[in-house]
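Residue numbers (my numbering), protein chains in the order written: chain Z, 655 to 1088; chain Y, -11 to 435.
Ideal placement from N, C-alpha and C gives every residue a C-beta, glycine not left out.
Remember, predicted model here, so these are calculated numbers, not experimental data.
Below: one structure, written as C-alpha cells.
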C-alpha cells in the first residue's frame, strides 16, 4: 500500500487532501464532519480582525454553470470571510485541533494592511495550537472593495510586506494564497517568496459572472435584482490553475517554493495533475460543496491505487514530476511531425472530425469512399493539430502518430531527420540566434 | 390428439378500472425536462447526420436535438414541423428503431441510440401546449383543391396547400378525421385524444374545410371533383381487408383486426369491449402486433400471434415483437391457418399447419398440424387497395401508381399514403407523400 502521509512545510497530515478555506471550514461542526469523513486537513475559513462580525448578503451567495446533465462545471460565490465572532472561531479551532491532533489545521487570515492589525491576530492564532496560517490575498469580491483580499494580492509590494510581517511576528509556517486575477502569477509568487513565505497556495477564485437571467436581465445570482462578480471555481478553472502552478514551479526565482494546489480538484486524477506540476499537497472546496465530504474516499483510494499501480511509494515522489516537461513555445521541437490516424474499427461515423477540420482547420479529413460514408485523414493536408482527436466522441479512435526518422511528411515532402530544432534557430525567425 | 372442448368464453369487463388505466397508459412515457436535456446531450450533432437521411420526411434531427439541448423546444418544434406537420404523431407511432434511431451512430458505440422519437415528442408537445403556430397562409390564390380522405397524407397535403394560399376541401367518408391515427394504431401509442388534438393544431392554419360522411364513388365521384376543383389529392387508404380464404370465416368470433382496433380506439369505456379468454391473431405486421398486444391488455388469458413465415420475415420490427411478448403474447412462427373450428356458428378453435421454405425459398406446408383453442380469431393479414367506382388510374402492385411528385396517371390528380404503390404503410411516409404532393400541386397551380 502506498504511503499517503503528507508533510507539507512541516505540517503533517494523513493524506494530502485538505479542505480549502471556504464555507466547508467555517466552523467546528463542519470541520469535525470533514475529519470524520477522512480529510487530511483544513484551512479554516478566513478570520478577520476583532470587532463586530461582518455581514453577508441575505440573498443567494452561490451560482453555478451546469452541463446538460446538471453536473456542476463551474461555481461562483460572493460569500465574505467568516461572519462569526473572532473569539468563537479561536475557541473552536483550539478545541478541534486538540481533538484531532493528527490532522492539519491551518488558519486563513485577512486583516487590514496595517502592521499592528496583523501582529495582533497572529498571537491569537498561535495560541490555538494551529499548524500554520494562510494569508488570504485572493478573495476577489466584497473584501477587495475594502482594500483586503485580492486588493492586496494584486500588488506584489503589499504581498511581500504583509508576508514579512507575518514571518516576523509569528513562528508558524506561512502560506500565501495567491489571486489569479493578475496578469502574471509569477510576480505575486516572487513577492511572497521575497517576503519569506514558507509556501504559496493557488489559485484563489477568479472574478466571474455566471450568467444573465434572460427574463429579467439581471445577472445570476442576484440579490434584489442586482448582482456582483463572484469568485469562480470548480472543474472549469482547473486548467487555468494548473498553468499557474506550473509557471511558479518552473520559475527560476521561485523554484523549490512549496505550493499547495487549488482549483477545481474533484477527483484523485485532478490531484495528481496538480502534484505532478509541482504542488506538495492539494486543497479542495467545490467538489465537497457539490457532493459532500464523502468524495474524499475516492480521492484517497484512487491516489493510493494509482501509486500502487505505478510502484510509487510516497506522494513526494510525484511532486513536480511533470514540471520539466513544461517549456516555452519557442523550445518546442519543430522537427517532430505527427499525423492523425482514424481507427476504422472503432469509428462510429459521426463525422465530427471531418466537419470541424473542413470548416475550421485544414481540410484534412475526407468523408466519402467509394460512395460510402467514410472518414479518413489526408496526410498531405494534416498538420497534426489534434482538433479531430479533441472532438471525437470515441476515446482513442483518433490518435496522433509521430512520424519516425526517415519517414517523409506527405504535406511538406520533408523527411523526418530526428534532429531537434526550434523557433529560436529557425530560418524564418528574423530574431534567430545562430 | 385431444379433442378441443367447444366452450366459449367471451366477456366484457375482464379487468378493473385501475388495470385498464395501467395497461393503456403511454407505451413510452414522455421525457421530463431534465431527462430531455440529458438525452439531447447524448446527441453528437453528427455531420450530414445519418438519422436525418433515415427519416422519410428528412427532419433535421441533429438540428432539433441541439435546440432541445439549449432549452429551445419551440425552435426545435419549428424545425420538425417544417418538414413534417404530423411530427407529433410520428414521434409516437414511428418505428424509430428501423428508421432514425437505427441510423444513430450511438448504436455502434454503446448499443443505445439517442431516443429521437421521445425528443421529437418533447419538442412538438411543448409547442402544441403553448399553442405555438409557426406557419402563416400566403395571400389567397383563389385556387381550390379537393382532398379525398382525412388521414395523415391528406392532412399533410392540406396543410401545405393552405400555407400556399389555396383553399382546401377535404371529403372524408367517416365522421372523424385522422384516418389510421384516429381509427388504427394501438391506443397506448396515441393517448389523450392526441390524433384529434393534432388535427385541430394543423387546421389552425385556416382555409381547410372538412366535410364528413362523403365517400368517393358513393356520395361523389372523381369526375365531379376534377371539374369542380383546380386539383385533386387522394388519400383514401386501403379499402378492404385480406381474407384467409377458409371455410367458416364468417363465423361469430372471426373478426377483422382493423375493425376491432377502430372500435377500441373510439371506445369511451374499454370495459365494454368483448374479450375472449383465448385469442388467436393471424398476421405478421404492425396491425397484428397492435391487435395481439391490445387484446392481451384488455384481459385475454392466452393470446397467440401466429405468423406463417419465419421471425426474420415479419414486417413488425424486432422491438415490436419483443414488446408484445413482454406483454404476454406468445408468437408462433411458421404456421398457416388451415381450418376454422366452429360450433353452431361460433368459433372455438383453429387448426394450423406448420410451414418451412422449400429449396427455392418458397413457403410450403410440412403436413404437421396443431390446433389452438380460440374464443376469438383476429385476421390481420394485410389490407388491399380497392379502386373506388368510376375511377380509372394506372395501378402498380395493386395500388395507385404515382411518380416522385405523387402525381397519378390521371391529369390533375395526386395521391399518397397507403393507397399508393410505394407507400411504406407508415404515418411518416404518408406525411411525406402529402408534403411532396402539395409542393407539386402548388407548382401545377402556377405558384
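Quick check on residue 34 of chain Y - is its C-beta less than 9 Å from some C-beta in chain Z? So, interface residue.
Note down, in chain order, every chain Z residue with its Cβ under 9 Å from the Cβ of residue 28 of chain Y. Annotation: Cβ neighbours of residue 28 of chain Y in chain Z (cutoff 9 Å, chain order): 722.
Within 9 Å (strictly less), CB to CB, does residue 93 of chain Y reach chain Z? Using beta-carbon distances, residue 93 of chain Y counts as an interface residue toward chain Z, with a partner under 9 Å.
Taking the alpha helix (DSSP H) that residue 752 of chain Z belongs to, which residues open and close that run? That run of the alpha helix (DSSP H) goes 740 to 753.
Going along the chain, which residues of its own chain have a beta-carbon closer than 7 Å to the beta-carbon of residue 202 of chain Y, five neighbours each way excluded? Excluding sequence neighbours, residue 202 of chain Y sits near 159, 160, 161 and 208.
Residue 152 of chain Y to residue 126 of chain Y, Cα distance in whole Å? Rounded to whole angstroms, residue 152 of chain Y to residue 126 of chain Y spans 5 Å at the Cα level.
For residue 406 of chain Y, the three-state DSSP class (helix, strand or coil): Residue state for residue 406 of chain Y is assigned as helix, using DSSP reduced to three classes.
Check each candidate in Y:325, Y:402, Y:133 and Y:66 and name the one with the smallest Cα separation from residue 269 of chain Y. Ranking Y:325, Y:402, Y:133 and Y:66 by Cα distance to residue 269 of chain Y puts Y:325 first.
Step through the CB atoms of chain Y and report whether any lies within less than 9 Å of the CB of residue 728 of chain Z. Not an interface residue.
Name the DSSP beta bridge partners of residue 197 of chain Y, please? For residue 197 of chain Y, which the question treats as bridged, DSSP gives the partners Y:157.
Residue -11 of chain Y versus residue 338 of chain Y: straight-line alpha-carbon distance, rounded: Below a pLDDT of 50, predicted positions are generally treated as unreliable, and residue -11 of chain Y, at 43, falls in that range; the measurement from the model is reported next regardless. Residue -11 of chain Y and residue 338 of chain Y: Cα-Cα distance of roughly 14 Å.
Supposed contact pair residue 939 of chain Z and residue 674 of chain Z - C-beta distance, whole angstroms, cut 8 Å: A Cβ-Cβ distance of about 4 Å is found for the pair residue 674 of chain Z and residue 939 of chain Z, placing them in contact under the 8 Å criterion.
Just how far apart, CA to CA, sit residue 112 of chain Y and residue 431 of chain Y? The C-alpha of residue 112 of chain Y lies about 29 Å from the C-alpha of residue 431 of chain Y.
Check each candidate in Y:44, Y:386, Y:290 and Y:297 and name the one with the smallest Cα separation from residue 323 of chain Y. Checking every option, the nearest Cα to that of residue 323 of chain Y belongs to Y:297.
Beta-carbon separation of residue 761 of chain Z and residue 779 of chain Z under 9 Å? A Cβ-Cβ contact shorter than 9 Å links residue 761 of chain Z with residue 779 of chain Z.
Segments of 4+ residues assigned as alpha helix (DSSP H) that fall wholly inside the region 759 to 805 of chain Z: Every unbroken stretch of the alpha helix (DSSP H) spanning 4 or more residues and falling wholly within the region 759 to 805 of chain Z is given here in chain order: 769 to 780.
Touch test, the region 283 to 299 of chain Y against the region 351 to 366 of chain Y, Cβ-Cβ under 8 Å, three pairs minimum: They touch, by the three-pair rule.
Please tell me whether residue 22 of chain Y has its Cβ less than 9 Å away from any Cβ of chain Z. At least one chain Z Cβ lies under 9 Å of residue 22 of chain Y.
Does any CB atom of chain Z fall closer than 9 Å to the CB of residue 25 of chain Y? Chain Z contact via Cβ: present.
Taking the alpha carbon of residue 32 of chain Y as the point to measure from, which residue in Z:996, Z:722 and Z:715 has its own alpha carbon closest? Measuring from the Cα of residue 32 of chain Y, the nearest candidate turns out to be Z:722.
Nearest residue (CA-CA) to residue 225 of chain Y, options Y:-5, Y:29, Y:38 and Y:409: The alpha carbon of residue 225 of chain Y has as its nearest neighbour, out of Y:-5, Y:29, Y:38 and Y:409, the alpha carbon of Y:409.
Taking 9 Å as the CB-CB cut-off, is residue -1 of chain Y touching chain Z? With respect to chain Z, the C-beta atom of residue -1 of chain Y has no partner C-beta closer than 9 Å.
Entirely within the region 962 to 1049 of chain Z and at least 4 residues each: give me those alpha helix (DSSP H) ranges in chain order. With a minimum length of 4 residues, the continuous alpha helix (DSSP H) runs that stay inside the region 962 to 1049 of chain Z are 1006 to 1014 and 1041 to 1045.
Compute the Euclidean distance between the alpha carbons of residue 963 of chain Z and residue 783 of chain Z, then round it to the nearest angstrom. The straight-line gap from Cα to Cα measures roughly 38 Å.
Which residue wins for smallest C-alpha separation from residue 173 of chain Y, given the options Y:43, Y:414, Y:267 and Y:222? The option with the nearest alpha carbon to residue 173 of chain Y is Y:414.
Taking the alpha-carbon positions, what's the residue 206 of chain Y to residue 227 of chain Y distance? About 13 Å.
Hey, is the region 1043 to 1060 of chain Z in contact with the region 997 to 1004 of chain Z, meaning 3+ C-beta pairs nearer than 8 Å? Touching, yes.
Please classify residue 297 of chain Y: does DSSP put it in a helix, a strand, or coil? Residue 297 of chain Y falls in the coil class under three-state DSSP.
Compare the Cα-Cα distances from residue 901 of chain Z to each of Z:1033, Z:1032, Z:981 and Z:745 and report the closest residue. Taking only the C-alpha atoms, the option nearest residue 901 of chain Z is Z:981.
Residue-level contact to chain Y via CB, residue 1021 of chain Z, 9 Å cutoff: Output row for residue 1021 of chain Z: interface = yes.
Got a sec, what are the start and stop residues for the beta strand (DSSP E) residue 329 of chain Y sits in? Its beta strand (DSSP E) spans residues 323 to 331.
Check each residue of the region 972 to 1002 of chain Z: if its Cβ is closer than 7 Å to any Cβ of chain Y, include it; give the result in chain order. Under the 7 Å Cβ criterion, the region 972 to 1002 of chain Z contributes 1002.
Helix, strand or coil for residue 614 of chain Z, going by three-state DSSP, please let me know. With chain Z covering only 655 through 1088, there is no way to say anything about residue 614 of chain Z.
Note down, in chain order, each residue of its chain lying with its Cβ closer than 8 Å to the Cβ of residue 967 of chain Z, except the 5 sequence neighbours on either side. Here the set comprises 656, 657 and 961.
Quick check: the Cα distance between residue 300 of chain Y and residue 273 of chain Y, rounded to an integer number of angstroms? If you take the alpha carbons of residue 300 of chain Y and residue 273 of chain Y, they lie about 12 Å apart.
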